[in-house]
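What follows is a single structure, written as structure tokens, with notes after it.
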Amino acid sequence: MFVSKYPDWITQVRLSNGTVKFFDGVKDLMAFFLNPTSFGAPGQKIQEIWVKDYYTLAWVDGRSAWYVIGSDVYGPMGHEFIPFSSSAAAENFRKDHKGTKVVRFDEITEPLVQSMRHGQKMR
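Using the numbering used here, read the sequence shown as starting at 155 and increasing by one per residue.
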């Protein structure tokens with residue numbers, strides 16, 4: 155997918171060799187983060203992770219963001235982790251958009267990413 159079509163959803167990582175990789179949402183960024191070798195980046199450490207706060211569109215450190223899952227808001231590729239810079243914003247969004255849960259970066263696992271990539275709504 156071309157990320158330029160969906161600028162509000164763009165996420166990015168900076169690798170230890172200085173390369174920056176862009177994604178069309180948190181879901182695909184996390185698939186890369188959890189298994190970079192599968193995406194052609196063996197041996198590279200991820201130095202920085204950046205996501206956009208859903209409401210403000212400001213760049214947020216992906217490791218400190220809050221993510222809503224299971225909401226009625228879809229990204230360019232379907233179900234998506236919706237990022238926020240604060241727990242309060244994430245919780246308000248969860249309530250307004252029928253989200254099922256607010257999670258932190260370290261709670262996002264490969265099975266969770268894969269289930270969302272296959273179109274399952276998270277509970």
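For each residue, glycine too, the CB sits at the ideal point set by N, CA and C.
{"Query": "Strand pairing of F238, partner residues [DSSP]", "Result": "W220"}
{"Query": "Cβ neighbours of Y228 in the same chain (closer than 8 angstroms, five flanking residues each side left out)", "Result": "E234"}
{"Query": "Beta-carbon spacing of V205, W213 below 9 angstroms", "Result": "yes"}
{"Query": "Whole-Å CB distance - D226 paired with H251, under 8 angstroms assumed", "Result": "5 angstroms"}
{"Query": "Inside the stretch 155-207 only - alpha helix (DSSP H) runs reaching at least 4 residues", "Result": "180-188"}
{"Query": "Proximity winner among K181, W220 and Q198, relative to H272 (alpha-carbon distances)", "Result": "K181"}
{"Query": "Length of the line joining the Cα atoms of E185 and S241", "Result": "The sequence given here has Ala at residue 185, not Glu. For A185 and S241, the distance between alpha carbons rounds to 23 angstroms."}
{"Query": "Classification of D162 by the beta-carbon crowding that lies within 10 angstroms, buried from 16 upward", "Result": "exposed"}
{"Query": "Beta-carbon proximity list for L188, same chain, < 7 angstroms, skipping 5 on both sides", "Result": "E264 and V267"}
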